[in-house]
Amino acid sequence: MRLLDTLTNKLREVDPVHEGSIGIYVCGVTPYAEAHVGHAMSLIVYDVLVRYLRWDGNSARGYNVTFVTNYTDVDDKLIERAAELNCDPLELASENIDRWEREQVELGIVPPDKRPRVTGEIETITSTIEEIIRQGYAYVTTNGDVYYRVQVKNDYGKLSHREIEGLRAGTRGELGKDKEFPLDFALWKKQKPGEPAWPSPWSNGRPGWHIECSAMAQRYLGDTFDIHGGGVDLIFPHHENEIAQAEAATGKPFARLWMHNGMVQYENEKMSKSTGNLVSVAEALQRWHPAALRLFVLSSHYRGPNNLTEEAMGAATRGIERLEGALKPFKASPDATPLDPEGTRTRFVEAMENDFGTPQALASLFDLARAINRGRAEGFDLGLAQAELQELTSVLGLRLDNITFTEVKIDKIALADTASEFGVDHSGSEVESIITALIERRTIARTEKDFILSDEIRDKLATLHILLEDTPEGTHWSMQS
2 MRLLDTLTNK LREVDPVHEG SIGIYVCGVT PYAEAHVGHA MSLIVYDVLV
52 RYLRWDGNSA RGYNVTFVTN YTDVDDKLIE RAAELNCDPL ELASENIDRW
102 EREQVELGIV PPDKRPRVTG EIETITSTIE EIIRQGYAYV TTNGDVYYRV
152 QVKNDYGKLS HREIEGLRAG TRGELGKDKE FPLDFALWKK QKPGEPAWPS
202 PWSNGRPGWH IECSAMAQRY LGDTFDIHGG GVDLIFPHHE NEIAQAEAAT
252 GKPFARLWMH NGMVQYENEK MSKSTGNLVS VAEALQRWHP AALRLFVLSS
302 HYRGPNNLTE EAMGAATRGI ERLEGALKPF KASPDATPLD PEGTRTRFVE
352 AMENDFGTPQ ALASLFDLAR AINRGRAEGF DLGLAQAELQ ELTSVLGLRL
402 DNITFTEVKI DKIALADTAS EFGVDHSGSE VESIITALIE RRTIARTEKD
452 FILSDEIRDK LATLHILLED TPEGTHWSMQ S
């Protein structure tokens, strides 16, 4: 499997540190407010990555995956929000974490193997800071703060592909009390009045934002592990600083491969709390089915921007209906020919192996669903093809397991009468050929802007449980109850 590595900006093989096992760390949320769809979209991407790497249906996979994602449950934003609400920041964090974990269950997220909270990892974090100081990469101020010395790390900026001087030019140039260099960042912050704090060799205080992830990732996955993921907005400064800290503490490479997902827009605008266009996960789950949300995410490449619109979610909902429809029960004669899945698994695996190409993987599943619907009309035995579709959708976390269907059969006589009604020749034709001919007649009507006739054909087919879907690649049909 090859993924685009942000560090080298090249497609690189996933080459495990330990044969047969893969360690993945993904930065989690700072729970100062309820989770929004951006959080959900990112976690769905890595949930599917973990599912795929664990899947033993591909002979090259079946890895033992250790998936770690954290909660930053003490932070400036949390403290500020708690002050606004006149509540304890740690209680606020726990309340929002509990809500987010319930929502993850609704979204079908596989629970991570480890889900550490910063407040439970203070000893690990302070030990890491002590080692960074011993190695000369950090200093303690007279105030009891601890800062990382950016200039000592000669490859600082390698993840974001920036030079220190260029980064410095982008800052306000403020040193602050006892700070040696503008880009130096806090590893430990001395307690201010009213803030939560823990003891340390330097002062009562709390960790800086970046050190937590370095310390927790290395505690649970080792000094060097396989994949570090997160949103593209975290590349600088968060992930850049993670690398600097971790490698200063151990002298070893941190993550072998850096994977970054793109951001989510809402109705073509950046989602932002300041503009008031954030869509919470709770709101999204009220408006759309969890499977449709997941299909929406996977329909775009993980690195690209994803635009959440009513139109896109409508298309995702219809897509789920098409997949569900292909799994409806069937009755085949004892001598019916089994429907061949048509190399779907090969196409699916090739897409996923090529930089996690979920849009192309989904396309292979929709092609199989279309073949199943046609095979149903032609009397094929669908068992093998449906089992393949069921397995591959489960690899993507699309929950189609507990669907109850009413069996539907196409009435060939009524279909032939419909063809006659619209002047379509159907003499001696099979069901699929008649439907194809009706679609071609409708396409001609649309080309001639005879939308009344076009709608009449579509509506007539709908009464026979034949649903048409117009796409840029043409019109497709499926059977619906």
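Numbering (the working numbering), first residue to last: 2 to 482. Yeah, the Cβ is synthetic: ideal placement off N, Cα and C, and Gly gets one too.
Item: Mark Pro-339 as exposed unless 16 or more other C-beta atoms lie within 10 angstroms of its C-beta, in which case mark it buried.; Value: exposed
Item: Answer with buried or exposed for Asn-97, where buried requires no fewer than 16 other C-beta atoms within 10 angstroms of its C-beta.; Value: buried
Item: Give me the Cα-Cα distance between Leu-12 and Ser-300, rounded to the nearest whole angstrom.; Value: 21 Å
Item: Count the other CB atoms, across all protein chains shown, that sit within 10 Å of the CB of Val-46; report buried if there are 16 or more and exposed otherwise.; Value: buried
Item: Mark Phe-331 as exposed unless 16 or more other C-beta atoms lie within 10 angstroms of its C-beta, in which case mark it buried.; Value: buried
Item: Could you work out which residue in Pro-32, Thr-419, Ile-165 is closest to Asp-156 when comparing CA atoms only?; Value: Ile-165
Item: Within 10 Å of its beta-carbon, does Ile-414 have 16 or more other beta-carbons around it, so buried, or fewer, so exposed?; Value: exposed
Item: By the three-class DSSP mapping on this structure, what secondary structure does Glu-14 have?; Value: strand
Item: Assuming the contact rule is C-beta atoms closer than 8 Å, Leu-369 and Thr-345 should be a hit. Round their C-beta distance to whole Å, please.; Value: 4 Å
Item: Quick check: what's the CA-CA separation for Arg-3 versus Val-396?; Value: 18 Å
Item: Tell me, which residues are paired with Asn-97 by DSSP?; Value: Bridge partners of Asn-97: none, in fact.
Item: Going by C-alpha to C-alpha distance, which of Ala-388, Arg-135, Gly-380 sits closest to Ile-411?; Value: Gly-380
Item: Only counting the same chain, and skipping five residues up and downstream in sequence, which positions put a Cβ closer than 6 Å to that of Gln-490?; Value: The question about residue 490 has no answer here: the residues shown for the chain are numbered 2 through 482.
Item: Which term fits His-19, buried or exposed, when burial requires 16 or more other beta carbons within 10 angstroms of its beta carbon?; Value: exposed
Item: Would DSSP call Ser-161 helix, strand or coil?; Value: coil
Item: Which of helix, strand or coil does DSSP assign to Ser-226?; Value: The sequence given here places Phe at residue 226; Ser does not occur at that position. In this structure, Phe-226 counts as strand in the three-state DSSP scheme.
Item: Have a look at Leu-279, Thr-318, Gly-277 and flag the residue whose alpha-carbon is nearest the alpha-carbon of Pro-291.; Value: Thr-318
Item: Using a threshold of 8 Å, state whether the C-beta atoms of Gly-223 and Gly-24 are closer than that.; Value: yes
Item: Between the C-alpha atoms of Ser-201 and Thr-127, what's the straight-line distance to the nearest angstrom?; Value: 7 Å
Item: Could you tell me if Ala-388 is buried or exposed, where buried requires 16 or more neighbouring beta carbons within 10 angstroms of its beta carbon?; Value: exposed
Item: With 16 as the cutoff for other CB atoms within 10 Å, does Lys-450 come out buried or exposed?; Value: exposed
Item: Would you say Gly-263 and Tyr-221 are within 8 Å of each other, going by their C-beta atoms?; Value: no
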